[in-house]
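In this note's numbering, the protein residues as written are 9 to 349.
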């Protein structure tokens, strides 16, 4: 049998390509479904494919094979007794089927909440910079969904040097659930501008008109912002634009082995400064600021998320030795530790 309309197949395969936990891919007459350790998704096609049985493939392998096809040619798929063949132009890939699993059942969900995908995706891009890549404590690789009087609160931390939060105007039931940040980011890339979100005890569901996604939860104790060391109050603040910070972070990564950058105010003039020990340095002037002379140093990784808090931000600080707070528009907050020498 030959299937010619595979746009939905290529789209959902992006989830497998971006998420290493994805292991299986199922095809049936009008759907493509992918399933991994923490994430599952189903994508509907408006056209009949001609497939009259479920085909089970390795998701990463299928995503990789689609990436090998000629992007300018039509992608076609044919099914034999034990294999699937992809063709595009003069390229051909043969994938062996798996036979040890069945696709998941997606429940009919009630009490869904509408969510603006762009706003959620922007928040997730910011919070991914706050997560940890440590495998010993997987919960620190996730983003926590919780509720407050301000609406939906999203939080992420490495548990030590940085902690980010975003408040979105979405009323949800009281809860604290943590989902893998990479899976959530990849899942949002599959959705249209408008979607719905639904919470149950063991998963978070995201859906639009064509795609439904289930994100399983990470287990473990997620730190609270109150558990991290920080001053009780911030006596000083300085305002600057993201365009001042972004090149400073790049310069610290390029020019200094310790990736250190400093915000310096001297004689009423503020600047970001990188002083590489071996290859050189970098300075970008922020402008005149009414503040006492000071110098606060960071590792570039600790403040990378601040690039995403907004075009303009305020950094609140007590002195040059204690953690600071970056505040952006739209309820973006980033707590970041400093380098003390």
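The beta-carbon is built from N, C-alpha and C at its ideal position, and this holds for glycine as well.
Problem set entry | Residue from 318, 67, 290 and 347 with nearest C-alpha to residue 335 | Of all alpha-carbon atoms in 318, 67, 290 and 347, the one lying nearest the alpha-carbon of residue 335 is that of 318.
Exercise. With residue 181 and residue 155 assumed to form a contact (beta carbons below 8 Å), what rounded beta-carbon distance in angstroms separates them?
Worked result: With a beta-carbon spacing of about 7 Å, residue 181 and residue 155 fall inside the 8 Å limit used to define contacts.
Exercise. Pick from 55, 167 and 71: whose alpha carbon is nearest that of residue 29?
Worked result: Residue 29 has its Cα closest to that of 71, out of 55, 167 and 71.
Problem set entry | Alpha carbon of residue 346 to alpha carbon of residue 307, nearest angstrom | When the Cα atoms are used, residue 346 and residue 307 turn out to be separated by approximately 7 Å.
For this session: Identify which residue in 148, 280, 166 and 268 has its Cα closest to the Cα of residue 225.
Result: Nearest option by C-alpha distance: 148.
Problem set entry | Neighbourhood of residue 263 by C-beta distance below 7 Å, restricted to the same chain and skipping five residues each side | Residues 282, 284, 287, 288, 289 and 290 of the same chain have their beta carbon placed closer than 7 Å to that of residue 263, with the five preceding and five following residues left out of the count.
Exercise. According to the Cβ coordinates, are residue 240 and residue 343 closer than 8 Å?
Worked result: No; because the gap between Cβ atoms is not below 8 Å, this pair is not in contact.
Exercise. Using 8 Å as the threshold, is the segment 156-172 in touch with the segment 136-143, meaning 3 or more CB pairs across them?
Worked result: They touch, by the three-pair rule.
For this session: Could you check what DSSP says for residue 255 in three-state terms: helix, strand or coil?
Result: In this structure, residue 255 counts as helix in the three-state DSSP scheme.
Exercise. What residue range is occupied by the uninterrupted beta strand (DSSP E) comprising residue 162?
Worked result: Residue 162 -> beta strand (DSSP E) spans 159-165.
Problem set entry | Bridge partner(s) assigned by DSSP for residue 280 | When DSSP reads this structure, residue 280 sits in a beta bridge with 271 and 292.
For this session: Kindly identify the DSSP beta-bridge partner or partners of residue 50.
Result: Beta-bridge pairing links residue 50 to 41 and 220.
Problem set entry | Through-space distance from residue 201 to residue 325, alpha-carbon basis | One Cα belongs to residue 325, the other to residue 201, and the distance between them is close to 37 Å.
Exercise. Between residue 128 and residue 198, is the Cβ-Cβ spacing less than 8 Å?
Worked result: No.
Problem set entry | alpha helix (DSSP H) segment containing residue 133, residue limits | That run of the alpha helix (DSSP H) goes 125-136.
Exercise. Residue 288: beta carbon under 7 Å from a heavy atom of the ligand MN?
Worked result: Ligands in the displayed structure: none, and consequently the ligand MN is not present.
Problem set entry | Cβ neighbour criterion (16 or more within 10 Å) applied to residue 45 | Residue 45 should be labelled exposed.
For this session: Using 10 angstroms around the beta-carbon of residue 214, count the other beta-carbons present and answer buried if the total reaches 16, otherwise exposed.
Result: Looking at its Cβ environment, which holds 16 or more other Cβ atoms inside 10 Å, residue 214 is buried.
Exercise. Could you give the distance in angstroms between the alpha-carbon of residue 60 and the alpha-carbon of residue 35?
Worked result: Going by the C-alpha atoms only, they are around 9 Å apart.
Problem set entry | Terminal residues of the beta strand (DSSP E) in which residue 212 lies | First-last of the beta strand (DSSP E) with residue 212: 211-215.
Exercise. For residue 222, does the count of other Cβ atoms within 10 angstroms reach 16, so buried, or fall short, so exposed?
Worked result: With 16 or more other CB atoms across the displayed protein chains lying within 10 angstroms of its CB, residue 222 is buried.
For this session: Whole angstroms is fine: what's the gap from residue 146's alpha carbon to residue 227's?
Result: Approximately 8 Å, taken between the alpha carbons.
Problem set entry | Buried versus exposed, by CB contacts within 10 Å (16 or more), residue 76 | Under this definition residue 76 is an exposed residue.
Exercise. In three-state DSSP terms, what is residue 59?
Worked result: Correct three-state label for residue 59: coil.
Exercise. Can you list, in chain order, the residues of its chain whose CB lies under 8 Å from that of residue 189, leaving out five sequence neighbours each side?
Worked result: Cβ neighbours of residue 189 beyond the five flanking positions: 132, 135, 136, 139, 149, 150, 151 and 164.
For this session: For residue 191, count neighbouring Cβ atoms within 10 angstroms of its own Cβ and tell me buried if that reaches 16, exposed if not.
Result: Its Cβ being crowded by 16 or more others within 10 Å, residue 191 is buried.
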